[in-house]
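Converting from the sequence shown to our numbering requires adding 114 to each position, the first position being numbered 1.
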Amino acid sequence: MTARPIEGYRFYAAIRSQPAELARLLKASEPVDLAAEALGEAKRVFCLGLGASLHTASVVAGLLGRAAVDARAWSSADFAHYPPAFTRDDAALVFLDAETAERTRGAIEALGRKRSPVVLVGARGAHEAWPLPMGTTVLRTGVEDASTVATVAQTASILLAARVADAIASAAVGDLAAVPEAVEVALGLEDDIESLAHEWRGKRMLIALGAGPHEPIAHAAATLIASAAGRLASGHSVEEFLSGQQAAFHDDDAIVAFASAGAGLGRTREAVERARGLGREGAWVSAEAAPRGMLHLAVPDVGEALASIVQIVPAQLLAGHLATVTDAGDARGARIP
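Take a look at the structure:
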């Protein structure tokens, strides 16, 4: 049977739409200042999400930290059922998507009972089946993924939250205006990524690695590959990998590493060089030079804080092309019927 081309998958158009959507969001008239006031004045900020939205929340907690906000990521399900001690002096930044909105409702209702400030980020309609706490600030991305594979909705949510961090502390997260063009350049790697997908068709598992702010993107990349292509994939922090997970690394596994100039770069290099020393194949997603023997998927340097928006794009394309070479089915809505 001939594999269906990538254009036959619903997430592909969403991947290609990202430069234009992100450029639009940079100027979108959303209540960013209100969100910045609510989060900037809070004692603590809980960034909540489920699935891909939890990866988004983890990235954004780091962005807010650069704006001197005490932010931490939580699963919205855990927040509802096993909540921390929080008060109305705390605030929450909640990421919603169509697939997880209903399961996030309990966390939002818990916040409403405490009268804590709530900022919600999501596409129109993600929450409209039930009331929000009084005073909730809603930031609409204006986009929702056409499938259950997170692509443009995730990058749009991160960029919109980055605008909030920038409003709290100007320039704390870097040059937001550089992001859409950098994503366009990353999309230009598709031919190399398609070839890589064919080369890795028979791999047992793909292991994604990242340190510090790159760790959530490693987890997001693994989720993309698993959900889009139905392939075994696992995301790890660099330290977790070096501290024991490498022992489970098989001969027919491959590695994808995400890195930028920053504190975690050296240890990320050490992890992939150790894997290469064992004969494992790998790809290096970074503006920094790749370790010897790694395929370099060179993306533009937008700074460590914003790198996740750009670096996830090669992972999206890899997931898509792995889906084509394995002819992944419609079980999760990835393909147009």
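C-beta atoms are modelled at their ideal positions from N, C-alpha and C, and glycine is treated no differently.
Specify, as a first and last residue, the run of the alpha helix (DSSP H) that V427 falls within. 421–440
My output table needs one value for F363: the three-state DSSP class, helix, strand or coil. coil
CB contact below 7 Å: A175 versus chain B: Chain labels in this structure do not include chain B; a single protein chain is all it has.
Selection from A150, G226, W244 that minimises the alpha carbon distance to T201: G226
Mark A285 as exposed unless 16 or more other C-beta atoms lie within 10 angstroms of its C-beta, in which case mark it buried. exposed
What do you reckon, are the CB atoms on P152 and T251 nearer than 7 Å? Position check: residue 152 holds Ala in this sequence, whereas Pro was assumed. Yes, they are a contact pair.
Separation of R118 from A292, as counted between CA atoms: 34 Å
In whole angstroms, give me the CA-to-CA distance for A276 and V287. 7 Å
Would P428 be called buried (16 or more neighbouring beta carbons within 10 Å of its own) or exposed? buried
Thinking just about the alpha-carbon of each residue, which of R229, A300, G407 is nearest to the one in G249? R229
For A206 versus L162, is the C-beta distance shorter than 7 Å? yes
Just how far apart, CA to CA, sit L338 and D147? 32 Å
Cα separation between D192 and A150? 25 Å
Can you pull the DSSP bridge partners for A385? DSSP, once it has assigned bridges, lists no residue as partnering A385.
Report the three-state DSSP secondary structure of A187 (helix, strand or coil). strand
Between A343 and L436, which are expected to be in contact by the criterion C-beta below 8 Å, what is the C-beta distance as a whole number of angstroms? 4 Å
Check the C-beta distance from I272 over to V174 and give it rounded, since I have them as a contact under 8 Å. 6 Å
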